[in-house]
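One structure is given here, and the rest of the page talks about it.
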Amino acid sequence: MALELQLISPVEVAKDFALAVQEYTLLAGQSLTNFFRRPLYMGDMLQQADLIGVGSLPIVILTGLSVGALLALNSASTLQRFGGITLIGQLVSLGMVTELGPLITGLMVAGRNASGMASELGSMIVTEQIDAMRALGTDPTKKLVTPRVGATAFMLFFLTIIADLLGLIGGWGVAHLLFGLDTQQYWTSVWQILVFRDVFTGLIKPILFGFIIATVGCYYGISTRGGTQGVGRSTTQAVVASSVLILLVDFFVTKLIFAVFGYR
Amino acid sequence: MASPTLPREDERAEAAALPGCAIEFENVSIAFDDKVVLSDISFKLAHGETKALFGVAGSGKSTLLKLAMGLIPPDSGRITVLGEDVTAMSENQLFELRRRVGIVFQESALFDSMKVYENVAFRLIEEKVSAEEIERRVREVLRFVELENTYDMFPSELSGGMRRRVAIARAIVTEPQVLLYDSPTGGLDPVTSNTIVELIMKQRDVYKTSALMVTHRLQDAFTMATHQFDKAKNQMIALPKGQLSEVPMSFLILRDSKVIFDGDAHQLANSRDEYIREYIS
């Protein structure tokens, strides 16, 4: 049997992309408006919070600690060369709280949970469980999407705080144990460098990232086509799309906050 | 086998005697991409009637049920379910209507992360029925399908036939006015298929629920047309030769996206259409 190579029209690709964006926007909007419509599935939200939050804790602890330690280790040698090793606390603090804490936590949770959501909802689609839910008079976006969105945004906020703290501890470990920096000096510089804008930036991002992770994961899950192979494809796409969106949104949010609050 | 004790039998028999149609399709067409699946389909399902729907694989039988449920919209035409125009309703309005219609999916579509009890109770939990009432009704329908012992089991622990029976229990737990069965005996062995047919017959004859049943197995539909459920004996019994069930039973055959037959067992048996004769032979 001869294999035929089918060329896809760029117009079709553009149409499909526009349709996907439209469907994603509708789902994301619906997931938010559902918070103001009854019933609100609090039980499902708590269950998801446990799965997403508590389940992601080990990976967040490990990455937070490593990133903070690595940040300190990589910058310490340069700072030492200029006699500025005492600034290491400031550098780790600013880097972790405003940027790396939310970003790394977001990416880790995206890898773990966007894929989980896409595969779970994708499997439900191919086994007609979502149709069954609709047939039983229940709105799947209310029952499945909104609890995941709420739980992810809520839990990512706290996971980021934990990652920030552990990053700072990792940085202290390197600064104190390898470079002999005084503990008091380190933690004072960590604390003193932070202003409201930094903390605000670092805490607004995980809420947005959580929303992206859950909506993208659910969108790819719900739009799964093509059986088990389709589930695999959705899972991969969910991780890639959510990670890329997190990076993009991170850039624009940072830029927006700079525009609103001004540069340091 | 325990005797069925589902409540409100008289009320439902009265509902079955209502004038008009439980389901009506008027010139309904639907295509997926360029493939026309159903073209200009029109038929009626009267209150209390059971209609068996036949057609070769890919003839649009399951699509027809999904259209009736409002799970997919038609490209053209009008579908009325229990007097309400499904094609003109929003998804939120459809959720309300779907509470009065039960469906049994081809592969059961049980929620695999929930136990049998939770699957069957799903709609009752959503309707905030009290826990005691939920337990009573779930046990009752599980007894009806003879699976009370599976109460705490997960769907993955059940056989195909048992899953199908749980799906039936889930569909009837809220006592719907219309039931849609999508190949309820598909892929099952003859003994299990017979059990499922008997259950559907029990639902039909005891509760007079209107039903649309997609099936590949002609013998299932003929069994339903030539037998009736004896409540006293709690089993189905064959009717005397030539006598048909008291509850209206009809047949609808789809071919090339169109309805080629819509009538009762006598009309089907006497049809001169070559395709139909070949189909039923």
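Taken in sequence, the protein lines are chains D and C.
Residues in the first sequence are numbered from 313 upward in steps of one, following this note's numbering.
Residues in the second sequence are numbered from 762 upward in steps of one, following this note's numbering.
All C-beta atoms, glycine included, are put in the ideal place defined by N, C-alpha and C.
All of these numbers come straight from a predicted model, not from anything done at the bench.
Practice task
Output the residue ranges of the alpha helix (DSSP H) runs that lie fully inside the segment 821 to 896 of chain C and measure 4 residues or longer, sorted by chain position.
Solution key: Qualifying alpha helix (DSSP H) stretches, in chain order: 822 to 829, 852 to 859, 877 to 887.
Exercise for the section: Would you check if the distance between the CB atom of residue 513 of chain D and the CB atom of residue 410 of chain D is smaller than 7 Å? Expected result: In contact: residue 513 of chain D and residue 410 of chain D (Cβ atoms closer than 7 Å).
Practice task
Have a look at residue 807 of chain C and residue 950 of chain C and give me their C-alpha separation to the nearest angstrom.
Solution key: Rounded to whole angstroms, residue 807 of chain C to residue 950 of chain C spans 31 Å at the Cα level.
Practice task
Anything in chain C within Cβ reach of residue 446 of chain D, meaning under 9 Å, just list it in chain order.
Solution key: Correct list: 830, 831, 832, 852, 855, 856, 859.
Handout entry: Contact between the segment 529 to 538 of chain D and the segment 426 to 445 of chain D (3+ Cβ pairs under 8 Å)
Key = Judged by Cβ distances under 8 Å, the segment 529 to 538 of chain D makes contact with the segment 426 to 445 of chain D, as three or more pairs qualify.
Practice task
May I ask you to report which of helix, strand or coil DSSP gives residue 320 of chain D?
Solution key: If DSSP states are grouped into helix, strand and coil, residue 320 of chain D belongs with coil.
Exercise for the section: Could you please give me the residues that DSSP links to residue 359 of chain D through a beta bridge? Expected result: Residue 359 of chain D has no beta-bridge partner at all, per DSSP.
Problem - contact_flag[the segment 965 to 976 of chain C, the segment 930 to 947 of chain C] where n(CB pairs < 8 Å) is 3 or more - result: Counting Cβ pairs under 8 Å, three or more are found: they touch.
Exercise for the section: Report yes if the CB atom of residue 1023 of chain C is closer than 7 Å to the CB atom of residue 1013 of chain C, and no otherwise. Expected result: Judged by their CB atoms, residue 1023 of chain C and residue 1013 of chain C are nearer to each other than the 7 Å cut-off.
Problem - Proximity winner among D:408, D:406, D:385, relative to residue 397 of chain D (alpha-carbon distances) - result: Minimum Cα distance to residue 397 of chain D is reached at D:385.
Problem - Members of the segment 418 to 447 of chain D that neighbour chain C once the beta carbon cut-off is set at 7 Å - result: Result list: 439, 440, 441, 443, 444, 446, 447.
Problem - Straight-line gap, residue 395 of chain D to residue 552 of chain D (C-alpha atoms, nearest Å) - result: A straight-line Cα-Cα distance of about 42 Å links residue 395 of chain D and residue 552 of chain D.
Problem - Rounded distance between the beta-carbons of residue 863 of chain C and residue 721 of chain C, thought under 8 Å - result: As shown, chain C starts at 762 and ends at 1042. That puts residue 721 of chain C outside it, with no answer to give.
Problem - Backbone secondary structure at residue 991 of chain C - three-state DSSP - result: When DSSP states are grouped into helix, strand and coil, residue 991 of chain C belongs to the strand group.
Handout entry: Helix, strand or coil at residue 914 of chain C according to DSSP, with G and I counted as helix
Key = Shown here, residue 914 of chain C sits in coil according to DSSP, grouped into three states, outside any helix or strand.
Practice task
Report all residues from its chain with a CB closer than 8 Å to the CB of residue 979 of chain C; omit the five preceding and five following residues, and keep chain order.
Solution key: Within the same chain, and ignoring the five residues on either side of residue 979 of chain C in sequence, the residues whose Cβ sits closer than 8 Å to its Cβ are 815, 1040, 1041.
Practice task
Pull up the distance between the alpha-carbon of residue 881 of chain C and that of residue 928 of chain C, whole angstroms please.
Solution key: Between the C-alpha atoms of residue 881 of chain C and residue 928 of chain C there is a straight-line separation of about 8 Å.
Exercise for the section: Take the Cβ of residue 366 of chain D as the centre, count every other Cβ of all protein chains shown within 10 Å, and call the residue buried at 16 or more, exposed below. Expected result: Exposed, by the Cβ-count rule.
Exercise for the section: Decide yes or no for the touch test of the segment 780 to 790 of chain C against the segment 981 to 993 of chain C: beta carbon pairs closer than 8 Å, at least 3 of them. Expected result: When C-beta atoms of the segment 780 to 790 of chain C are compared with those of the segment 981 to 993 of chain C, fewer than three pairs fall below 8 Å, so the two segments do not count as touching.
Handout entry: Completely contained beta strand (DSSP E) runs for the segment 930 to 1017 of chain C, where each covers 3 or more residues
Key = Listed in chain order, the complete beta strand (DSSP E) runs (minimum 3 residues) inside the segment 930 to 1017 of chain C are 939 to 943, 971 to 975, 988 to 991, 996 to 999, 1010 to 1016.
Exercise for the section: Output the residue ranges of the alpha helix (DSSP H) runs that lie fully inside the segment 516 to 574 of chain D and measure 4 residues or longer, sorted by chain position. Expected result: List check, alpha helix (DSSP H) in window: 539 to 573.
Exercise for the section: Please name the residue in C:796, C:887, C:870 whose C-alpha comes closest to that of residue 355 of chain D. Expected result: Distances from the CA of residue 355 of chain D to each of C:796, C:887, C:870 were compared; the closest alpha carbon is that of C:887.
Handout entry: Residue burial classification, residue 763 of chain C (beta-carbon count within 10 angstroms, cutoff 16)
Key = The pLDDT assigned to residue 763 of chain C is 40, lower than 50, so where the model puts this residue is not dependable; a value taken from the coordinates is nonetheless given after this. By the neighbour-count criterion, in which 16 or more other beta carbons inside 10 Å mark a residue as buried, residue 763 of chain C falls on the exposed side.
Exercise for the section: Using a cut-off of 9 Å between C-beta atoms, extract the partners of residue 451 of chain D located in chain C. Expected result: Residue 451 of chain D reaches chain C at 852, 853, 856, counting residues in chain order whose Cβ is nearer than 9 Å.
Problem - Segment contact, 8 Å Cβ cut-off, at least three pairs: the segment 461 to 468 of chain D with the segment 893 to 907 of chain C - result: With a cut-off of 8 Å, the segment 893 to 907 of chain C and the segment 461 to 468 of chain D do not count as touching, because too few Cβ pairs lie within range.
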